[in-house]
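For reference, the structure is listed below as structure tokens.
Number of protein chains: 2
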Amino acid sequence: MKVNSIGEFALIDRIRAKVPSAGDRLLVGIGDDSAAIEPTAGCVTLAATDMLIEGVHFDLRWHDLVNLGRKSLNVNISDILVMGGVPLYALLSLAIPPSISVEALDELFTGFNEVCAEHGIILTGGDTSSSPHGLMISVALLGETGPSSIIRRSGASPGDAVFVTGTLGNSAAGLKLLQSGNRLPADSDHLFLTQRHLNPRPRRDAVTVLVAEALATSMIDISDGLSSELNHLARSSGVGMRVQANSLPSSPALKRFAESTGTSLSDLTLHGGEEYEVLFTTNPQKSAQARQLISQGKLDATEIGLVYDGSGVMLEQQDGSETALEPRGFEHFSV
Amino acid sequence: MKVNSIGEFALIDRIRAKVPSAGDRLLVGIGDDSAAIEPTAGCVTLAATDMLIEGVHFDLRWHDLVNLGRKSLNVNISDILVMGGVPLYALLSLAIPPSISVEALDELFTGFNEVCAEHGIILTGGDTSSSPHGLMISVALLGETGPSSIIRRSGASPGDAVFVTGTLGNSAAGLKLLQSGNRLPADSDHLFLTQRHLNPRPRRDAVTVLVAEALATSMIDISDGLSSELNHLARSSGVGMRVQANSLPSSPALKRFAESTGTSLSDLTLHGGEEYEVLFTTNPQKSAQARQLISQGKLDATEIGLVYDGSGVMLEQQDGSETALEPRGFEHFSV
Chain A
0 MKVNSIGEFA LIDRIRAKVP SAGDRLLVGI GDDSAAIEPT AGCVTLAATD
50 MLIEGVHFDL RWHDLVNLGR KSLNVNISDI LVMGGVPLYA LLSLAIPPSI
100 SVEALDELFT GFNEVCAEHG IILTGGDTSS SPHGLMISVA LLGETGPSSI
150 IRRSGASPGD AVFVTGTLGN SAAGLKLLQS GNRLPADSDH LFLTQRHLNP
200 RPRRDAVTVL VAEALATSMI DISDGLSSEL NHLARSSGVG MRVQANSLPS
250 SPALKRFAES TGTSLSDLTL HGGEEYEVLF TTNPQKSAQA RQLISQGKLD
300 ATEIGLVYDG SGVMLEQQDG SETALEPRGF EHFSV
Chain B
0 MKVNSIGEFA LIDRIRAKVP SAGDRLLVGI GDDSAAIEPT AGCVTLAATD
50 MLIEGVHFDL RWHDLVNLGR KSLNVNISDI LVMGGVPLYA LLSLAIPPSI
100 SVEALDELFT GFNEVCAEHG IILTGGDTSS SPHGLMISVA LLGETGPSSI
150 IRRSGASPGD AVFVTGTLGN SAAGLKLLQS GNRLPADSDH LFLTQRHLNP
200 RPRRDAVTVL VAEALATSMI DISDGLSSEL NHLARSSGVG MRVQANSLPS
250 SPALKRFAES TGTSLSDLTL HGGEEYEVLF TTNPQKSAQA RQLISQGKLD
300 ATEIGLVYDG SGVMLEQQDG SETALEPRGF EHFSV
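Chains as they are written, first to last, in numbering that gives the first Met the number 0: chain A, 0 to 334; chain B, 0 to 334.
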């Protein structure tokens, strides 16, 4: 049986079935953005790992090495942040093909070190190997949080409101521009969209507000696409989610891109991956506070839906009609 | 400038030059077998990462997936053990080519889970991706130890005795047998040598004795080859080391292999990699105790040399003549 016949998420379930998801000192195991371990009472270590593989996650025809170094760490930072944690220590593994020069690696480290400095992260070790094919960058990141501050995918309850930070679909549009060979930043829209793909930023600003005010009952970053992440949250929490199609936030640049290229705006916002915006829920006692922070400009987020007692994710159109929103974001091994 | 013109260790130095090697809560940074972090006073987290890449570290023509799963974790366990730590939590990242079946991945997990069970390790998360080329297995492993129990590469002092566990060169001979196409375990020598390559075991038995008795002043596992690891220890500790050529332990199977194939026995024992035996030093107050444990059969190790005030590694022949022992073990990017 080929892996692509079962898909990435079924594969992860298969792995998960064989190992404990929690235990004495294991607070969160496989199936969330980071693992959470409590080696000593009150001292929670978060651990995340994410890799970037040439030909799968990036194309050296348009990804420069500085931004790749940045992205390899930023995608992991995002995983630590959305668990309610602070990133601290990184391990970096590189598989390096003969075509990569020492100068190119220096650029990669320039980007990696920039992000370390921005977040106060220390590179503590790693592994280097030659690679017979493409460049591979694998980062493991350690962080910490308090035991009562962990924000899980499984924390959403019926009645919670659903929010998303920033705007959606920009990274997917940026990738389409790069793939089309349209690489020169002809205008500010092009630059904005392609930068969202090449150099995505984790939403530390928004997550810091959410953690400080203990607003989020569940949280996940949008790496595969909103439709996939909504389904992850709903399934992990054992709830249903209803999202209003006309509430999904999109940037002016994305709207112009969709119009000028004839691309579906809702496909981009619903299924575009590698956005690293944050999807979160708040309970009824806190939802008003979240709305107030948003209206005061202190939290860059948009309310998009509601959690209900049930399962699955429903997309509600302006006319009141509803359709099931299937996960159609990026999935490895999908056919 | 090509990476292979500077070599793996110069590359690591280049990376290391840009980041702190220790700090407030960072006890050991880049350049040892594991990083050591002290998030809370008295609570030391060790972190190691090591990857196996198809075409570099293994060949699916003779590596079975069960043993690959075992080896991917065992090489990381070795890195935690030689820092004086206990392995606890693993993150597993897999890049999976289309040629790998779900059943093959199940075998890989069978091996991985066997080793988890043997050492009480919990798989806490990871990442899965498709791979356009070969299979890639990247493991990050977390462990713990006490702050005063960390055993560094830099702890050797003049007057210390130098020891190595087990016997050397078996894995390199096993690889030669596999590469020669001689894959059937024609006899017990063949099975012994090839198993040392396909399914190496970390020396938890020996390290447990060394840690319990606080015997080791410095320690490193032999992943690249004895000559490389001796030079690593000498350089990290700022000392010289003198090793007696006729003291190097070799198995009867290796001696027969060397003789029957016309391969140099000393090349195999001095430079053979992927052995995962342990090289360590003891100070003059403890060396007698180490020798006694060895003679009582409680510690499977051999005394091979002495640390002196100086630099570099000297190999002393039986006639008293000496030559510098250059690191000639496995190095990525070497020409």
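All C-beta atoms, glycine included, are put in the ideal place defined by N, C-alpha and C. On a predicted model such as this, the values are computed, not experimentally measured, just so you know.
Quick one: grab the DSSP three-state call for residue i.
i                : result
ASP204 (chain A) : helix
GLU276 (chain B) : coil
VAL334 (chain B) : Unreliable positioning characterises VAL334 (chain B) in this predicted model, as indicated by a pLDDT of 39, which lies under 50. The coordinate reading is nonetheless provided below. VAL334 (chain B) falls in the coil class under three-state DSSP.
GLY239 (chain A) : strand
VAL2 (chain B)   : helix
LEU140 (chain B) : strand
LEU59 (chain A)  : coil
GLU212 (chain B) : coil
SER100 (chain A) : strand
SER217 (chain B) : strand
For residue i, report the span of its beta strand (DSSP E) as first-last.
i                : result
ILE121 (chain A) : 121-129
LEU90 (chain B)  : 85-95
VAL312 (chain A) : 311-315
THR164 (chain B) : 160-164
ALA323 (chain B) : 321-323
GLY173 (chain B) : Note, GLY173 (chain B): premise wrong, no beta strand (DSSP E); alpha helix (DSSP H) at 169-178.
GLU302 (chain A) : 300-307
ALA47 (chain A)  : 42-52
ILE150 (chain B) : From DSSP, ILE150 (chain B) is part of no beta strand (DSSP E); its letter is neither H nor E.
LEU25 (chain B)  : 25-27
Considering only their Cβ atoms, is the gap separating residue j from residue i smaller than 9 Å?
i                : j                : result
ILE120 (chain B) : ALA139 (chain B) : no
VAL306 (chain B) : THR280 (chain B) : yes
MET82 (chain B)  : SER4 (chain B)   : no
ALA160 (chain A) : ALA289 (chain A) : yes
VAL2 (chain A)   : SER129 (chain B) : yes
THR322 (chain A) : LEU25 (chain B)  : no
LEU51 (chain B)  : LYS70 (chain B)  : yes
VAL300 (chain B) : GLY158 (chain B) : Residue identity differs from the one stated: residue 300 (chain B) is Ala in this sequence, not Val. No; because the gap between Cβ atoms is not below 9 Å, this pair is not in contact.
GLY30 (chain A)  : ARG13 (chain A)  : no
LEU229 (chain B) : PRO97 (chain B)  : no
VAL238 (chain B) : SER310 (chain B) : yes
ARG151 (chain B) : VAL27 (chain B)  : yes
THR268 (chain A) : SER249 (chain A) : yes
LEU174 (chain B) : ILE136 (chain B) : no
Between residue i and residue j, how many whole angstroms is the CB-CB distance? I'm expecting something under 8 Å.
i                : j                : result
LYS285 (chain B) : LEU214 (chain B) : 5 Å
GLY224 (chain B) : HIS270 (chain B) : 4 Å
SER222 (chain B) : GLY154 (chain B) : The pair is not a contact, with the Cβ atoms about 19 Å apart (cut-off 8 Å).
VAL85 (chain A)  : GLY142 (chain A) : 5 Å
SER148 (chain A) : GLU273 (chain A) : 27 Å between Cβ atoms; not a contact.
LEU134 (chain B) : ALA94 (chain B)  : 7 Å
HIS132 (chain A) : HIS56 (chain B)  : Not really, about 14 Å apart at Cβ, beyond 8 Å.
ALA244 (chain A) : GLN316 (chain A) : 5 Å
ARG200 (chain B) : LEU80 (chain B)  : With a Cβ gap of about 11 Å, ARG200 (chain B) and LEU80 (chain B) do not count as contacting.
So residue i is in the alpha helix (DSSP H); what residue range does that whole segment cover?
i                : result
ALA185 (chain A) : Neither: ALA185 (chain A) is in no alpha helix (DSSP H) and is coded neither H nor E.
SER246 (chain B) : Neither: SER246 (chain B) is in no alpha helix (DSSP H) and is coded neither H nor E.
SER77 (chain A)  : 64-80
LEU10 (chain A)  : 7-15
ASP266 (chain A) : 264-270
PRO157 (chain A) : Counting along the chain, PRO157 (chain A) falls outside any alpha helix (DSSP H), and DSSP gives it neither H nor E.
GLN291 (chain A) : 283-294
Nearest by alpha-carbon distance to residue i: which of the options is it?
i                : options                                : result
VAL114 (chain A) : A:PHE57, A:SER259, A:SER77, A:GLN295   : A:SER77
GLN178 (chain A) : A:ARG152, A:LEU192, A:ASP186, A:LEU10  : A:LEU192
THR109 (chain B) : B:ASP63, B:ALA287, B:ALA172            : B:ASP63
MET218 (chain A) : A:TYR275, A:VAL65, A:THR48             : A:TYR275
ASN112 (chain A) : A:SER100, A:GLY133, A:ILE99, A:ASN73   : A:ASN73
GLY304 (chain B) : B:THR262, B:SER246, B:PHE256           : B:SER246
ASN198 (chain A) : A:GLY68, A:CYS42, A:PRO131             : A:GLY68
LEU324 (chain A) : A:ARG255, A:PRO283, A:SER250, A:ARG234 : A:ARG234
ALA116 (chain B) : B:LEU134, B:PRO326, B:LEU87            : B:LEU87
GLU106 (chain A) : A:PRO248, A:ASN66, A:GLU258            : A:ASN66
PRO251 (chain A) : A:ILE99, A:VAL101, A:LEU264, A:GLY239  : A:LEU264
VAL277 (chain B) : B:PRO283, B:SER227, B:ASP266, B:GLN243 : B:SER227
PHE162 (chain A) : A:VAL43, A:HIS231, A:VAL242, A:TRP61   : A:VAL242
ASP308 (chain A) : A:MET240, A:ARG195, A:VAL101           : A:MET240
MET0 (chain A)   : B:GLN316, B:ARG255, B:PHE256, B:SER100 : B:SER100
THR260 (chain B) : B:THR48, B:HIS189, B:ALA103, B:LEU104  : B:HIS189
Below 8 Å, is the gap between the Cβ of residue i and the nearest heavy atom of the ligand GDP?
i                : result
GLY173 (chain B) : The ligand GDP is absent from the structure shown, which contains no ligands of any kind.
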